[in-house]
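Presented below is the structure to which this report refers.
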Amino acid sequence: MSTAAWMLLTIPGAVLAAIVLAKAVAELIGCAAHVIAVLPLCASQRVSIAEPGAVLVSIQGHDATLPAELGFRLHDAGGAEVTAAALRLRPPAVRGRRRRAVMARFRVPAPGEYRLDVDGLGTQPGAYAAHLVVGHDERLRELELVLLIVLAAAVLATCVAVLVTGLAPPSAHVA
Numbered sequence: 142m143s144t145a146a147w148m149l150l151t152i153p154g155a156v157l158a159a160i161v162l163a164k165a166v167a168e169l170i171g172c173a174a175h176v177i178a179v180l181p182l183c184a185s186q187r188v189s190i191a192e193p194g195a196v197l198v199s200i201q202g203h204d205a206t207l208p209a210e211l212g213f214r215l216h217d218a219g220g221a222e223v224t225a226a227a228l229r230l231r232p233p234a235v236r237g238r239r240r241r242a243v244m245a246r247f248r249v250p251a252p253g254e255y256r257l258d259v260d261g262l263g264t265q266p267g268a269y270a271a272h273l274v275v276g277h278d279e280r281l282r283e284l285e286l287v288l289l290i291v292l293a294a295a296v297l298a299t300c301v302a303v304l305v306t307g308l309a310p311p312s313a314h315v316a
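And the structure:
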């Protein structure tokens, strides 16, 4: 294949890889924003869930203020309990002095209003300096995006290398 033919394939490949890379990075940044609600830690409250699927309930606060044993139940508008999904324990995420630990996972069947009940808080409402964070489980999509970013970056780097070597003048042979 001639150099001109390689250039005709490489330039569109580089442009396409750059577009895919930019879109994947933008979407990966947006994945962190799939928080449905940040709620105070209390025995019962309402939360509106707009999309069905896996929903995580995390507790966020300082280590000293987190209650030891809590139970979580999610009920739909009719009062039926939503099925809790299996939860693999993960180490808590630490940001600065705040810690976030995933406490429960539910499979929400349909969008709507739900009631989140928390058992084990004791008798003092508001005694804990912690919050509940309700959000969609986006780990699989984040992994897909990271792999797409790596692949697009590799294709872009290869195309740029081919373009640079193809555009360089042939070296003079020294006898």
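Taking my numbering as reference, the numbering of the sequence shown is continuous, increasing by one, and the terminal residue is 316.
Idealized CB from N, CA, C, for every residue including glycine.
Exercise for the section: Following the continuous beta strand (DSSP E) through glutamate 254, name the residue where it begins and the one where it ends. Expected result: Here residue 254 is taken as the residue at index 113 of the sequence shown, counted from 1. For glutamate 254, the enclosing beta strand (DSSP E) begins and ends at 253-260.
Problem - Residue range of the beta strand (DSSP E) that includes glycine 202 - result: Residue mapping note: residue 202 aligns to position 61 of the sequence shown, counting from 1. Glycine 202 -> beta strand (DSSP E) spans 194-202.
Practice task
Mind checking which residues open and close the beta strand (DSSP E) that includes histidine 216?
Solution key: Translated into positions along the sequence shown, residue 216 becomes position 75. Annotation for histidine 216: the continuous beta strand (DSSP E) segment containing it runs 212-216.
Handout entry: Minimum C-alpha distance to aspartate 260 - residue among Ala184, Ala146 and Leu157
Key = Residue mapping note: residue 260 aligns to position 119 of the sequence shown, counting from 1. In terms of CA proximity to aspartate 260, Ala184 leads the group Ala184, Ala146 and Leu157.
Problem - alanine 294 (DSSP reduced to helix, strand or coil) - result: Working through the sequence shown from its first residue, we reach residue 294 at position 153. Alanine 294: helix per DSSP, three-state reduction.
Problem - beta strand (DSSP E) segment containing leucine 182, residue limits - result: Translated into positions along the sequence shown, residue 182 becomes position 41. No beta strand (DSSP E) holds leucine 182; DSSP gives it neither H nor E.
Practice task
Kindly identify the DSSP beta-bridge partner or partners of histidine 277.
Solution key: Position 136 of the sequence shown, counting from 1, holds the residue named residue 277. According to DSSP, histidine 277 bridges with Val196.
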